[in-house]
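Participant:
Numbering (the UniProt record's numbering), first residue to last: 1 to 89.
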């Protein structure tokens, strides 16, 4: 659950999880989705909200649904990602 200090912590957790799963640095991940590393860092810090364009790029490139990125609903994820999300430590 997000807190007042990090209002977008839940989204940040999902971003960091997926980037780590992909084995990419912030720079590599940012380049793949077409944003600056500083922008990705702001999203991953939980202080800034993932943009709609960023969420759409994640959906297009990786199959990460908007429901998952924004609300944490994993039903629309590809099976391999859904399983990895549900089995994370």
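Backbone N, C-alpha and C fix where the C-beta goes; we use that ideal spot for every residue, glycine too.
1) Look at the Cβ atom of residue 21, then the Cβ atom of residue 29, and state whether they are nearer than 8 Å.
2) Over what stretch of residues does the alpha helix (DSSP H) that includes residue 76 continue unbroken?
3) If I measure Cβ to Cβ from residue 8 and keep anything under 8 Å in the same chain, skipping five residues before and after, which residues do I get?
4) Taking only the alpha-carbon atoms, compute the straight-line gap between residue 68 and residue 74 and give it to the nearest angstrom.
5) Please say whether residue 70 and residue 11 have beta carbons closer to each other than 8 Å?
6) In whole angstroms, what is the alpha-carbon distance linking residue 61 and residue 89?
7) Based on Cα-Cα distance, which residue from 65, 23, 18, 54 lies nearest to residue 35?
8) Can you give the Cα-Cα distance for residue 86 and residue 66, rounded to whole angstroms?
Facilitator: Here's the rundown:
1) Using a Cβ distance threshold of 8 Å, residue 21 and residue 29 do not count as a contacting pair.
2) That residue, residue 76, is in no alpha helix (DSSP H); it is neither H nor E in DSSP.
3) Apart from sequence neighbours up to five positions away, the residues of its chain that approach residue 8 with a beta-carbon distance below 8 Å are 2, 43, 46, 47, 48, 49, 50, ordered along the chain.
4) Distance between the alpha carbons of residue 68 and residue 74: 5 Å.
5) In this structure, residue 70 lies closer than 8 Å to residue 11 by Cβ.
6) Roughly 25 Å separates the two Cα atoms.
7) When only C-alpha atoms are compared, the closest one is 54.
8) In this structure, the alpha-carbon of residue 86 lies about 17 Å from that of residue 66.
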